[in-house]
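*Asks:*
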Amino acid sequence: MRVFRISALVILLFVAAAGQDRAPAGAATTAKASAPVDLTGYWVAYVTEDWRFRMVTPRKGDYQAVPMTEQARKVADAWDPAADEASGNQCKAYGAAAIMRLAARFHITWQDDNTLRIDSDAGMQTRLLHFNSALAGERTWQGYSTAQWQRPGSLKAATTNLRSGYLRKNGVPYSENAAVTEYFDVAPLPGGGQVLLVTTIVDDPQYLQQPFIVSSQFKKEANGSKWDPTPCSAK
Amino acid sequence: MGSNAVQRKMSRATAAVLAAVFTCATTAAQMEITGSWAARNHEFLTGDGLPVDFTGIPLNEEGRIRALSYSESQLAMEERQCQGWPAFYMVEGPFGLKIWSETDPLKGNVISYTIGAWEDRTPITIWMDGRAHPSQYAQHTRAGFTTGVWEGNTLVTYTTHLNAGFLKKTGAASSDEATMRMRFYRHGDILTVLAIIEDPVYLAEPWILSRSFQASATPLSPGGPPCVTTFEGTTGQTAPHYLPEKNPFVDEMTTKYGVPRDAATGKPETLYPEYRKTIAAGAPVK
Chain A
1 MRVFRISALV ILLFVAAAGQ DRAPAGAATT AKASAPVDLT GYWVAYVTED
51 WRFRMVTPRK GDYQAVPMTE QARKVADAWD PAADEASGNQ CKAYGAAAIM
101 RLAARFHITW QDDNTLRIDS DAGMQTRLLH FNSALAGERT WQGYSTAQWQ
151 RPGSLKAATT NLRSGYLRKN GVPYSENAAV TEYFDVAPLP GGGQVLLVTT
201 IVDDPQYLQQ PFIVSSQFKK EANGSKWDPT PCSAK
Chain B
1001 MGSNAVQRKM SRATAAVLAA VFTCATTAAQ MEITGSWAAR NHEFLTGDGL
1051 PVDFTGIPLN EEGRIRALSY SESQLAMEER QCQGWPAFYM VEGPFGLKIW
1101 SETDPLKGNV ISYTIGAWED RTPITIWMDG RAHPSQYAQH TRAGFTTGVW
1151 EGNTLVTYTT HLNAGFLKKT GAASSDEATM RMRFYRHGDI LTVLAIIEDP
1201 VYLAEPWILS RSFQASATPL SPGGPPCVTT FEGTTGQTAP HYLPEKNPFV
1251 DEMTTKYGVP RDAATGKPET LYPEYRKTIA AGAPVK
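Quick mapping for you: the protein sequence lines, in order, are chains A and B. The opening residue of the first sequence carries number 1 in the working numbering; numbering runs sequentially from there. The opening residue of the second sequence carries number 1001 in the working numbering; numbering runs sequentially from there.
1. I want to know whether the stretch 1086-1103 of chain B touches the stretch 1256-1267 of chain B - three or more CB-CB distances under 8 Å.
2. Return the Cβ separation of K169 of chain A and A83 of chain A in integer angstroms, given the expectation that the two are a contact with Cβ distance under 8 Å.
3. Taking the alpha carbon of G1035 of chain B as the point to measure from, which residue in B:M1253, B:D1251 and B:I1190 has its own alpha carbon closest?
4. Could you tell me which of A:I108, A:L129 and A:F106 sits nearest to N114 of chain A, measuring between CA atoms?
5. Taking Cβ-Cβ distances shorter than 7 Å, what residues in chain A pair up with R1040 of chain B?
6. Compare the C-alpha of Y42 of chain A against each of A:P190, A:G224 and A:E70 and name the closest.
7. What does the alpha-carbon distance come out to for the pair F1139 of chain B and T1160 of chain B?
8. I'd like to know whether the C-beta of K92 of chain A is nearer than 8 Å to at least one C-beta of chain B.
9. Take the Cβ of Q150 of chain A as the centre, count every other Cβ of all protein chains shown within 10 Å, and call the residue buried at 16 or more, exposed below.
10. For chain A, is any of its Cβ atoms less than 8 Å away from the one on W967 of chain B?
11. Mapping DSSP to helix, strand and coil, what is K1256 of chain B?
12. On a Cα-Cα basis, can you pick out the residue from A:G95, A:P152, A:D112 and A:K220 that is closest to A178 of chain A?
13. State the DSSP-derived secondary structure class of F1231 of chain B, mapped to helix, strand or coil.
14. Residues of chain A with CB under 7 Å from P1306 of chain B, in chain order?
15. Excluding sequence positions up to five away, which residues of its chain have a Cβ less than 8 Å from the Cβ of E1119 of chain B?
16. Where does K219 of chain A fall in DSSP's three states?
17. For K236 of chain A, which three-state DSSP category applies?
18. Is there at least one Cβ from chain A nearer than 8 Å to G1096 of chain B's Cβ?
19. Should T1023 of chain B go down as buried or exposed, given a rule of 16 or more other Cβ atoms within 10 Å for buried?
20. With a 10 Å radius around its C-beta and 16 neighbouring C-beta atoms as the bar for buried, classify R1131 of chain B as buried or exposed.
21. Taking the CB atoms as reference points, tell me whether F1184 of chain B and L1220 of chain B lie closer together than 8 Å.
22. How big is the Cα-Cα spacing for F1054 of chain B and F1166 of chain B?
23. For E1102 of chain B, which residues does DSSP report across the bridge?
Laid out in structure tokens, this is it:
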């Protein structure tokens, strides 16, 4: 009987351990303290994919690979960067649905124990990923993001409350009702260094025929010596 | 039945339950990756449209010279028609993934995963049984030799023994010394594959790509039709090629998309944001 009791205890411990795959709900610890992976630091976009859509501003009508609705195409065909600049909308391509696809550097820090902060040098934007949800305020380019750890080492972020913006700089639109889901994963680089992989899923029934899914990779940099803040540009 | 016999039976039953729990715990630390994964071609589809588009590839000087010497007329040569794609086409090409596993019939553990073929890429077997990579002198194939381990929920693989082939179909070459490390991340119904490709012969630094796939209820084919060669009128006395500085397509990306020649020909410095400063502001907008 004693063996049985010990075995039962072992089983309970294993079941409890298996449950560790999910982040503890309602645990007293902070998001920062319970982080299963360190995302902080300077990360530079390594533009190996979609180079001509990210490093230069594509021409009007060059929308390859985006599953746009007919309505989206009409909006994009009317893209006018000068008008965006004049109306103070030069940051439309720097919103949460597109910013991690920009050719940019990102600085990730903890704003407080339960808020992860992502700053971009291109467009000088700030994203806040909230682990303890609060009420979202007015719509912004970066919207309101909630975050949760996914064990053993991922971060999931969900963003809504966006201002309408562009998936690509040449006016490919997303609406203010778009929802952005992101997964952040870190991997080692051979020979040293780290890669940050961000998988971005944009749902927008108004302008997308299906969720727009891209994954972007970033290399970790030792410091901010190459940090180069530049304001938004619609061109 | 005596008390000892009862205890023995209980011990056996407990051992069986413990074994099952251990197995479940091990399995819980992994992810199911088998099944059909549909391509969502929302990225990296622009590489094959023009003969000289090596944007995003960190070619070294040798790699650039080799890439610019390539003529697609080589594909008219019967012996070159199927030389095509090593394993890394998996994260470059437009097709989905069909993944299945082979399991040990007694222990139930996964011996290998197989990623099905396309017409110009052979199946990739990922050995999960701890076997070593063969000697460097062993046969190289288009699929290469791949081993894998689970790191938590992430499948981590390493591929060696690849035939020389293409980094990009339009002529950026890969050598038989190229290797690829992949990490498979599953988030719900999304499978994202991160690939790090190294080639000491043709790459200046590791080439990092990623690609996402979505779980598909519609089964994908486990293998495309095999690559079958056919005579297209080129006898193969010489391989069609361009001499240095003679590739007529070298500036096509510039004229069509405003992409500088340095970027179109894969200079490593063009893969970082600061390169944007060297591009004339607003030039491509017309």
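Note that beta-carbon positions come from the ideal geometry of N, C-alpha and C, so glycine has one too.
*Replies:* Looking at the coordinates:
1. no
2. Actually they do not touch by this definition, with Cβ atoms about 14 Å apart.
3. B:I1190
4. A:L129
5. I213, listed in chain order.
6. A:G224
7. According to the sequence shown, residue 1139 of chain B is Gln rather than Phe. If I take the Cα positions, the gap works out to 11 Å.
8. no
9. Taking a 10 Å sphere around the C-beta of Q150 of chain A, we find 16 or more other C-beta atoms and assign the residue as buried.
10. In the structure displayed, chain B extends from 1001 to 1286; residue 967 of chain B sits before or after that span and is not available.
11. For K1256 of chain B, the secondary structure class from DSSP, reduced to helix, strand or coil, is helix.
12. A:G95
13. coil
14. One cannot answer for residue 1306 of chain B here, as it falls past the ends of chain B, which runs 1001 to 1286.
15. So the list reads G1224, P1225, P1226 and C1227, once near-sequence residues are dropped.
16. strand
17. With chain A represented from 1 up to 235, any question about residue 236 of chain A goes unanswered, as that position is not in the structure.
18. no
19. The predicted model places T1023 of chain B with a pLDDT of 46, which falls under 50 and marks its position as unreliable, so this point remains unresolved.
20. exposed
21. no
22. 12 Å
23. B:S1112
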